[in-house]
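Numbering (numbering that gives the first Met the number 0), first residue to last: 0 to 305.
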Amino acid sequence: MTDAPWYVLGVGSVGTLWACRLARAGLPVRLLLRNAARLGRYQQGPGLRLIEGNCETGFALPAQTADAPGPIQRLLVACKAYDAEAAVASVRHRLSNGAQVVLLQNGLGSQQAVASLLPKAEVIFASTTEGAWARPDGAVVFAGQGLTWLGTPQSGPAPVWLDDLTRAAIPHQWTTDILMRLWRKLAINCAINPLTVLDQCPNGGLRAHPRTLAVVCQELEVLLHAVGQPTAACGLAEDVERVIEATAENYSSMYQDVAAGRRTEVHYLIGYACAQARQAGTPVPALDALHKALLAKLRTLGLPTG
Ligand code: NAD
Ligand code: KPL
């Protein structure tokens, strides 16, 4: 066990899921809330509430805002990708030299932006297949068991503080190829999520689009090779088909964001893939067309395109 408190920045679905499990294991956890108003509301309420199956547990964890005093040695960033850089900038002055900063954002691009803000920190990228969502009353439902891959872009060795995750029963695996994991997840997301928004369908509805899926996967495979991620390209089309079958009844996270009128992480998903393709000089016309159609749809709905 290690004794530095875990500071959780971004106390939404994933932040709550992590904070509660770490606290349940007896580890010190501090919540970093966005502003004084949110802190006030939190302090007047019962604390965090986590629902697992039929069981609800409350966790009255100490909370503060970014401008509270005191150094931070271990930071878990669980904001959306589009908020991560600003959120981390708000606590940068409190980070100790060599602080560990774990980034749980989906997609790519936000991690690199945060890492360049923090040259003296040990920045760990993570990719999770766990699922959680917040009920309107604020309780967070642990909806999908999964695994969290962690690693540094420099392919560093597993740190000792991973013992905290084991102790908290957070399923995890250290990898020396976290970028491959993030790229693979991003590629699957690029093939599935935009089409589900455009076609207004659950993932299984994409069985009706075999040709589009085949062309998009082929372009993604070429792109993955061009950006130095050949392993992430291996068997991509088959994996996309497998995910569509395994999640046929589910609505993709992007579909759910759009349906709820929430900002999407498009810029860090298909937006990132298209930007990387442009930078690499790799033509991806079908992916570009999908991206363009998605942005047009978001504009029609009055949702941000970045
Ligand atoms: P969320 O919207 O539920 O939570 C994000 C939280 O960050 C919100 O409470 C927001 O108020 C807070 N926040 C934003 N800016 C802040 C700031 N400056 N200071 C403090 N707090 C700030 O999002 P989520 O669903 O928990 O997702 C977080 C990340 O995890 C996303 O990148 C998402 O794609 C990824 N992810 C989520 C799931 C899931 O099941 N929810 C699964 C896999 C990956
Ligand atoms: O991760 C997903 C998401 O919805 O974001 C997939 C696996 C694509 C399932 O829809």
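Every residue, glycine too, gets a C-beta built ideally from N, C-alpha and C.
Which same chain residues, not among the five before or five after residue i, have their C-beta less than 6 Å away from its C-beta?
i, result
"T299", "none"
"T56", "L49"
"V257", "V196"
"T230", "M179"
"L30", "V7, V10, L60, A62"
"H290", "I269, C273"
"F124", "L102, Q110, I177"
Starting from residue i, follow its DSSP beta bridges and name the residues at the other end.
i, result
"E121", "Q99"
"I50", "E55, V140"
"S126", "W148"
"R29", "Y6"
"W308", "No statement about residue 308 is possible, as the shown extent of the chain runs from 0 to 305 and does not include it."
"A133", "V139"
Once the 5 residues before and after residue i are set aside, which same chain residues still bring their CB inside 8 Å of it?
i, result
"M0", "Low confidence applies here, because M0 scores a pLDDT of 47, under 50, leaving its location unreliable; read the following figure in that light. Contacts found: L26, D162, D163, R166."
"V13", "A77, L103, T127, E129, A131"
"W160", "T1, A3, R73, Q99"
"R262", "K79, Y81, D256, L302, P303"
"R91", "L116, L117"
"P319", "This structure gives no information on residue 319, because the portion of the chain shown stretches from 0 to 305."
"V242", "I187, I191, N202"
"S109", "A80, Y81, A83, E84, L102, Y267"
"W182", "L107, L223, V226, Q228, A231"
Could you round the C-beta distance between residue i and residue j to whole angstroms and report it? I think they count as a contact, below 8 Å.
i, j, result
"L107", "L185", "6 Å"
"F58", "A22", "5 Å"
"V196", "Y254", "5 Å"
"T174", "L194", "Not quite, the Cβ-Cβ distance comes to about 29 Å (not below 8 Å), so this is no contact."
"L38", "I71", "Actually they are not in contact, since the Cβ atoms of L38 and I71 sit about 17 Å apart, beyond 8 Å."
"L286", "L219", "7 Å"
"A35", "V28", "Between V28 and A35 the Cβ distance is about 20 Å, and since that is not below 8 Å, they are no contact."
Identify, in the order they occur along the chain, each residue of the same chain with its Cβ nearer than 7 Å to the Cβ of residue i, setting aside the five sequence neighbours on each side.
i, result
"E248", "P201, G203"
"K296", "V196, L197"
"F141", "L16, L49, I50, E51, A131"
Would you say residue i lies against chain D (beta-carbon separation less than 8 Å)?
i, result
"S95", "In the structure shown, chain D does not exist; there is a single protein chain."
### Message
Please give the ranges of any alpha helix (DSSP H) in the stretch 169-238, keeping only runs that are unbroken, at least 4 residues long and fully inside the region.
### Response
177-198, 209-225, 229-232
3-residue-minimum beta strand (DSSP E) runs that sit fully inside the stretch 62-99, ordered along the chain: 62-64, 71-76
Discussion item. My parser needs the alpha helix (DSSP H) runs of 4 or more residues fully inside the stretch 264-297; what are they?
Written reply: 269-279
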